[in-house]
Structure formats: structure tokens, C-alpha cells
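Novice: Numbers given in the working numbering equal positions in the sequence shown, counted from 1, plus 345. Ideal Cβ positions, reconstructed from N, Cα and C, are used throughout, including at glycine. Here the structure is a predicted model, which means the values were calculated and not measured.
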Amino acid sequence: MKLDMMHAHLMASLGRNPFFLSLTKKSAELVSGDGLLRISVEALDASGLLAAKHLAHNQYVNAMLHSGDDLDAHRATLNFLSKAVERQGHPTTRPHTSRPASVRNRKPRVQKSVSRAA
């Protein structure tokens, strides 16, 4: 629960402010425009990466529409996050491991074929 609240706060903070990709350290980080918020891209799970990618896409489109001078930075951030989502896998196509063990360990149902006599 605490991690979900932190994730929601992070996405809300990144959504309000422009953010960029920082590759100055050993790992890639998303940095808010004011520099107060930093998060490692490696720390994000698949759904967090996808949410960050959507935010980056929105920033890129807004920069194009309003002729932003930082269009290249937004495009680089979007490209990096898109490739990270491809590497990790889209959350809707990955096997769901968050289901309860009783559901995960259940044997698959076998559908019985119904033959109808004509």
C-alpha cells in the first residue's frame, strides 16, 4: 500500500511538472524540471514505466503544439522510455503474477467438446 501511494505521488508530481531523462550517473533517472524529484528508471515496474512513457508522450506532444524549445529532450526521454517498456514487456501482455497463489496454481479448465447428433 505504501509503495502504491509513493508511486501515485511520483506520477502526479511528474505529471504536473516537465521532466527529463538524466544519464549523468551510472543509471538513468527521470528528473523533474525543477530538479527536486529524481527517480531511477530501473526502480520502476512495468506499469510505472508505461505511465512514465504516457506522461513523456504528453509532454512531447505539448512541446510540439506550443513550439517548445526543449523538443529534442522530450523526444529523447520518450524514446528511452519506449525502449525500456519494450525490454521489460508491456504490463498487459506479461503474465500476471499479482494474482493470488490459489488462482495461479489452479489447473487450467479443459473445455469438453459437445457433439450434437444431427
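Terminal residues of the continuous alpha helix (DSSP H) containing serine 427?
Specialist: 416 to 433 is the extent of the alpha helix (DSSP H) around serine 427.
Novice: Got a sec, what are the start and stop residues for the alpha helix (DSSP H) serine 392 sits in?
Specialist: 391 to 410
Novice: Taking the continuous beta strand (DSSP E) assigned at valine 376, which residues delimit it?
Specialist: It spans 374 to 377 - the beta strand (DSSP E) in which valine 376 sits, taken as one unbroken run.
Novice: How far does the beta strand (DSSP E) with leucine 366 in it extend, from its first residue to its last?
Specialist: Counting along the chain, the beta strand (DSSP E) containing leucine 366 begins and ends at 364 to 367.
Novice: Can you give the beta carbon distance from alanine 397 to leucine 389, rounded, assuming they're within the 8 Å contact cut?
Specialist: Cβ-Cβ separation between alanine 397 and leucine 389: approximately 6 Å, consistent with a contact (criterion under 8 Å).
Novice: Between the C-alpha atoms of glutamate 387 and histidine 411, what's the straight-line distance to the nearest angstrom?
Specialist: 31 Å
Novice: Take valine 376 and list the residues in its own chain whose beta-carbon comes closer than 8 Å to its own, dropping the five residues that flank it on each side.
Specialist: Phe364, Phe365, Leu366, Ser367, Leu382 and Arg383
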